[in-house]
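Here the working numbering is used: the first residue of the sequence shown is 11, the next is one more, and so on.
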Amino acid sequence: MTQKLERCSLSVAEKRNIINYIDKNPMTKKLAIANKFEIPATTFATIFKFKDKFSEERGLPVKSRRLKSCEFNDVEEFTEKTIANCFKKSGFKVTCEDEEDDLPLAELARTWQRVQEELHLQETEFEYFVTFDNDLDVCGELTDANIITSVLSVATTEADKHEEEES
Numbered sequence: 011m012t013q014k015l016e017r018c019s020l021s022v023a024e025k026r027n028i029i030n031y032i033d034k035n036p037m038t039k040k041l042a043i044a045n046k047f048e049i050p051a052t053t054f055a056t057i058f059k060f061k062d063k064f065s066e067e068r069g070l071p072v073k074s075r076r077l078k079s080c081e082f083n084d085v086e087e088f089t090e091k092t093i094a095n096c097f098k099k100s101g102f103k104v105t106c107e108d109e110e111d112d113l114p115l116a117e118l119a120r121t122w123q124r125v126q127e128e129l130h131l132q133e134t135e136f137e138y139f140v141t142f143d144n145d146l147d148v149c150g151e152l153t154d155a156n157i158i159t160s161v162l163s164v165a166t167t168e169a170d171k172h173e174e175e176e177s
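Next comes the structure, spelled out in structure tokens:
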């Protein structure tokens, strides 16, 4: 009784070696070839059946273990527009726009009056208090260069900290 061989996955290179051996030794029995390469007879039959698919002209990677290569159509169709649409759906602002104030100026003046009295801020003017952050960028579109710079600076800082800890 023949021993049962363990199931294994053969690379394209190994399958090509078996096919080349078959071509060089056409009179050898199939079972003898299967035993020589230590593969089950059913595996040999499958390789022999699809031998034209394993030819070098097909351009299969030698280390590949499958005939069918993976395709990532979704990833290939992924574009910058897809990212922009995701941001739009999520509700993120894309551009800076001046938003209208909810409170009228008279209401703000009355509120400021109360704040001054409570916090004793008599020398601070209302306009200075309201406009002190006008030059502050609160939103904006980052360019690819800005994003890369911010990521690299964080990575560099972390690497420096790691080196200091090791020393």
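All C-beta atoms in this analysis are idealised placements derived from N, C-alpha and C, irrespective of residue type, glycine included.
DSSP-derived helix/strand/coil call for residue i
i: Leu41; result: helix
i: Asp84; result: helix
i: Phe47; result: coil
i: Leu146; result: coil
i: Ser19; result: coil
i: Phe58; result: helix
i: Met11; result: Its pLDDT being 47, under 50, Met11 is placed unreliably by the model, and nothing is read from it.
i: Asn35; result: coil
i: Leu129; result: helix
i: Ile158; result: helix
i: Glu151; result: coil
i: Glu135; result: coil
i: Thr178; result: The requested residue 178 is not part of the displayed model; the chain covers only 11 to 177.
i: Thr89; result: coil
i: Ile29; result: helix
i: Ser163; result: helix
Candidates the options: closest to residue i by CA position
i: Lys63; options: Ala23, Asn83, Gln123, Ser100; result: Ala23
i: Ile28; options: Lys61, Thr52, Lys91, Ala94; result: Lys61
i: Phe139; options: Lys39, Phe97, Leu152, Gln123; result: Gln123
i: Ser21; options: Phe47, Lys99, Lys39; result: Phe47
i: Thr56; options: Asn83, Ala94, Arg26, Leu162; result: Arg26
i: Ser19; options: Thr52, Lys34, Ala42, Asn30; result: Thr52
i: Glu137; options: Leu152, Glu151, Thr121; result: Thr121
Pair within 8 Å by beta-carbon distance, residue i and residue j
i: Leu118; j: Val125; result: no
i: Ala44; j: Pro50; result: yes
i: Ile40; j: Phe54; result: First, the residue type needs correcting, since residue 40 is Lys and not Ile in the sequence shown. Going by C-beta atoms, Lys40 is nearer than 8 Å to Phe54.
i: Phe58; j: Ile32; result: yes
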